[in-house]
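Under the UniProt record's numbering, the first residue of the sequence shown is numbered 1, with each subsequent residue one higher.
Think of the CB as a built atom: it goes at the ideal place given N, C-alpha and C, for glycine as much as any other residue.
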Amino acid sequence: MVPNACLPRNSLSHPINISWLLPTNTYTLLTTAPQGSDLLDALGMVSGSTPPSEDILSQRRASLPIPHSNGSSHHPCASSNIPNNMQRNGGREEMELSEAQGADHEPNSEGLLDVSKNTNNAHLTSVSMDNGLLMLLKAAGHSEAVCTLHKQGNLALSSCPGKKVRLDTGPINGRASIDRDLDKDFARMASLDIRTVVNCLYDTELQSLGAPYHLYHAAAARNGIQVLRLPMMEGSCPDMFDELDEVVSSICRIIENGGYVLCHCRGGIGRAGLVACCFLLRTKLCRTPERAVRLVRLRRSPKAIETQRQEDYISAYHQWLLDGRPPNRKLAFLGSIAMRSAPPPTFAAVKGPGVKMSTSSSWGPESRGRELSS
């Protein structure tokens with residue numbers, strides 16, 4: 001009999017780990033934070049994961065915990081409807097534990113929240129907790145939708161569905177073999193109401209992971225999931241900002257309409273993390289590239305954003321947004337911003353059957369000798 005420790009991890013024993021970028025109490029966090037705070041500030045005030053700036057601290061010193069008659073205390077930024085463990089870490093650790101045990105975790109399990117007690121918007125008596133995202137998107141010019149009682153979406157990160165690694169060799173350096181099933185992984189995503197997946201892998205890498213695109217696309221279609229493609233090489237990033245922005249804009253539109261989007265690469269750490277950072281910057285949920293990276297590392301993994309090239313790209317994308325999104329701009333080899341005279345390639349974001357794609361020679365991985373994420 002094969003010991004359990006040597007058995008490959010599969011989609012039943014280890015359901016695919018899905019990390020939600022935005023906490024279910026996004027609305028409460030943002031509306032109770034001091035003016036000028038972004039989502040990272042708001043999360044830090046509750047979880048202690050990142051210290052707020054001194055000016056925010058000075059504004060909050062007047063709102064210390066208020067003692068109740070029973071001797072307990074209540075903090076104005078802590079929703080009584082959110083469990084303490086969810087307030088500490090946004091529920092990420094509990095979500096991962098429940099996934100390891102095979103339990104589904106609904107992204108909006110907290111239901112509706114009465115925000116009239118915590119904000120000056122007394123007319124908003126009961127709204128979905130993710131409505132704060134819609135308000136920010138609308139303020140940033142992305143949405144004309146009505147906020148009240150509108151269910152909002154979310155962005156999730158995961159590893160590649162159907163991934164198969166180390167099956168021939170068995171566990172290496174304590175890392176178990178992985179034998180995932182495409183249909184089961186996509187079914188799990190569909191059970192969480194995810195209807196759009198952003199795939200950051202080339203056909204050749206999908207093939208090497210045991211999830212060739214024709215099978216991948218068919219499994220997604222069977223589960224009612226559309227696929228957007230933004231292929232990047234391991235440790236790298238898209239060539240043109242226009243390519244990335246087209247996909248990020250699609251993510252924004254879907255979330256504005258209450259949809260859930262999942263972005264994945266090989267391990268859901270580097271390339272998928274880059275897309276998440278750019279989403280946070282485009283929606284102005286984070287003020288700076290550094291803060292966007294910190295938030296993604298908090299919500300997904302401390303290892304998110306794997307290379308200096310990816311960090312440079314996120315910073316340059318932010319500057320590109322500030323400059324008014326001029327066309328045909330790309331990141332130069334050493335990280336500076338350059339203009340490209342040739343028209344941008346058209347293969348960045350595609351739906352339907354897979355095609356083999358190529359990138360410019362300057363966009364290889366930061367280090368080809370580095371072990372790929374799993």
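(message) For a quick check, are the C-beta atoms of L274 and I305 less than 8 Å apart?
(response) In the sequence shown, residue 274 corresponds to position 274, counting from 1. In the sequence shown, residue 305 corresponds to position 305, counting from 1. Yes, these two residues count as a Cβ contact at 8 Å.
Q.
With distance defined between alpha-carbon atoms, name the residue in Y260, E246, P302, R266 nearest to L282.
A. As a first step, residue 282 must be located in the sequence shown, where it is residue number 282. For the sequence presented, residue 282 should be read as Arg rather than Leu. It is E246.
Please work out which residues of its chain come closer than 6 Å, Cβ to Cβ, to R297, disregarding the five sequence neighbours upstream and downstream, and give them in chain order. Here the question's residue 297 lines up with position 297 in the sequence shown. Answer for R297: A304, listed in chain order.
Evaluate contact between the region 26-34 and the region 188-199, counting only Cβ atoms and requiring at least three cross-stretch pairs below 8 Å.
no
Margin query: With distance defined between alpha-carbon atoms, name the residue in R287, W20, L209 nearest to S301.
Written below: Counting from 1 along the sequence shown, the entry for residue 301 is found at position 301. The alpha carbon of S301 has as its nearest neighbour, out of R287, W20, L209, the alpha carbon of W20.
Contact check, L230 vs V165, beta carbons under 8 Å: Working through the sequence shown from its first residue, we reach residue 230 at position 230. Working through the sequence shown from its first residue, we reach residue 165 at position 165. Against a cut-off of 8 Å, the Cβ pair of V165 and L230 comes out as no contact.
**OP:** Please state whether DSSP places P8 in a helix, a strand or coil.
**Re:** By one-based count along the sequence shown, residue 8 stands at place 8. Coil at P8, not helix or strand.
- Would the beta-carbon of Q310 fall within 8 Å of that of G270? Residue numbering aside, residue 310 sits at position 310 when the sequence shown is read from its first letter. Residue numbering aside, residue 270 sits at position 270 when the sequence shown is read from its first letter. In this structure, G270 lies closer than 8 Å to Q310 by Cβ.
**OP:** Select from A219, N17, G44 the residue whose C-alpha is nearest the C-alpha of C286.
**Re:** The residue labelled residue 286 in the question sits at position 286 within the sequence shown. Ranking A219, N17, G44 by Cα distance to C286 puts G44 first.
Any idea if S13 is buried or exposed, counting beta-carbon neighbours within 10 angstroms, 16 or more meaning buried? Mapped onto the sequence shown, residue 13 falls at position 13. Exposed: under 16 other Cβ atoms inside 10 Å.
(Q) Can you check which of these residues, Y213, S37, S191, L7, is closest to G162 by C-alpha distance? (A) Residue numbering aside, residue 162 sits at position 162 when the sequence shown is read from its first letter. The option with the nearest alpha carbon to G162 is Y213.
Requested in this report: Determine the contact status of S11 and K184, defining contact as a CB-CB distance below 8 Å.
Outcome: Counted from its first residue, the sequence shown places residue 11 at position 11. Counted from its first residue, the sequence shown places residue 184 at position 184. Closer than 8 Å, so yes.
Worksheet item: How many angstroms separate the CA atom of S236 from the CA atom of R222?
Response: Translated into positions along the sequence shown, residue 236 becomes position 236. Translated into positions along the sequence shown, residue 222 becomes position 222. If you take the alpha carbons of S236 and R222, they lie about 31 Å apart.
inquiry  = Using a Cβ-Cβ cutoff of less than 7 Å, which residues in the same chain neighbour M232 once the five nearest sequence positions on both sides are dropped?
reply    = In the sequence shown, the residue the question calls residue 232 occupies position 232. If we look at M232 and ignore the five residues flanking it on each side, its Cβ neighbours are C200, P238, R271.
Within a Cβ cutoff of 8 Å, which residues of the same chain sit near Y216, ignoring the five residues on either side of it in sequence? Stepping through the sequence shown from its first residue, residue 216 is reached at position 216. Closer than 8 Å at the Cβ level, and outside the excluded window around Y216, lie P161, G162, L182, N199, L206, V227, G354.
Practice task
Closer than 7 Å by C-beta to C278: which residues in its own chain qualify, once you throw out the five before and the five after it? Chain order, please.
Solution key: On the sequence shown, position 278 is the one that residue 278 refers to. Counting only Cβ-Cβ distances below 7 Å, and skipping sequence neighbours, we find L244, V248, I314, Y317.
- Query: In chain order, what residues of the same chain have a beta carbon less than 7 Å from the beta carbon of L280, not counting five sequence neighbours either side?
  - Reply: Start at 1 with the first residue of the sequence shown, and residue 280 comes out as number 280. Apart from the 5 residues on each side of it in sequence, L280 sits with its Cβ closer than 7 Å to the Cβ of C286, A292, L295 in its chain, given in chain order.
### Query
Among residues of its own chain, excluding the 5 on either side of G224, which ones have a beta-carbon nearer than 7 Å to its beta-carbon?
For the purposes of this step, residue 224 is identified with residue 224 of the sequence shown, where counting begins at 1. The answer, listed in chain order, is A190, R195.
- Beta-carbon proximity check, L155 vs I255, cutoff 8 Å: As a working note, residue 155 is residue 155 in the sequence shown. As a working note, residue 255 is residue 255 in the sequence shown. With contacts defined by Cβ atoms closer than 8 Å, L155 and I255 form a contacting pair.
Extent of the continuous alpha helix (DSSP H) run through T204: Here residue 204 refers to the residue found at position 204 when the sequence shown is read from its first residue. Per DSSP, T204 belongs to the alpha helix (DSSP H) from 203-208.
* To do: Within the region 224-258, note down every full alpha helix (DSSP H) run reaching 4 residues or more, in order along the chain.
  => Given a length threshold of 4 residues, each whole run of the alpha helix (DSSP H) inside the region 224-258 is given here in chain order: 241-256.
*Measure the CB-CB distance between P326 and I178 and report whether it falls below 8 Å.*
As a working mapping, residue 326 is identified with position 326 in the sequence shown. As a working mapping, residue 178 is identified with position 178 in the sequence shown. Against a cut-off of 8 Å, the Cβ pair of I178 and P326 comes out as no contact.
_Identity of the residues DSSP links to N199 by a beta bridge_ = The residue given as residue 199 occupies position 199 in the sequence shown. Paired residue(s): R229, H264.
Fill in: Buried versus exposed, by CB contacts within 10 Å (16 or more), D41
By one-based count along the sequence shown, residue 41 stands at place 41. Looking at its Cβ environment, which holds 16 or more other Cβ atoms inside 10 Å, D41 is buried.
I need the DSSP call for S158, collapsed to helix, strand or coil. One-based indexing of the sequence shown puts residue 158 at position 158. Strand, per DSSP.
Item to complete: Please report how far the alpha carbon of H264 lies from the alpha carbon of L157, in whole angstroms.
Response: Looking up residue 264 in the sequence shown gives position 264. Looking up residue 157 in the sequence shown gives position 157. Answer to the nearest angstrom: the Cα atoms are 6 Å apart.
Quick one: using the 10 Å Cβ neighbour count with 16 as the cut-off for buried, is L322 buried or exposed?
Taking the first residue of the sequence shown as 1, we reach residue 322 at position 322. Under this definition L322 is an exposed residue.
For this session: Kindly indicate which residue of R329, R180, M240, L262 has the alpha-carbon position closest to the one of L22.
Result: Stepping through the sequence shown from its first residue, residue 22 is reached at position 22. Closest option to L22, Cα to Cα, is L262.
Exercise. DSSP state of S315, grouped into three classes?
Worked result: As a first step, residue 315 is located in the sequence shown; it is residue number 315 there, counting from the start. If DSSP states are grouped into helix, strand and coil, S315 belongs with the helices.
Practice item. Name, in chain order, the residues that DSSP records as bridge partners for D179. Key: Translated into positions along the sequence shown, residue 179 becomes position 179. Partner(s): N10, K164.
If distances are taken between C-alpha atoms only, which option among F186, A211, T26 comes closest to residue 380?
Because the chain here runs from 1 to 374, residue 380 falls outside it and cannot be looked at.
(request) Provide the residue span of the alpha helix (DSSP H) that contains R329, from first to last. (result) The count along the sequence shown starts at 1 and reaches residue 329 at position 329. Here R329 belongs to no alpha helix (DSSP H); instead the beta strand (DSSP E) covers 329-331.
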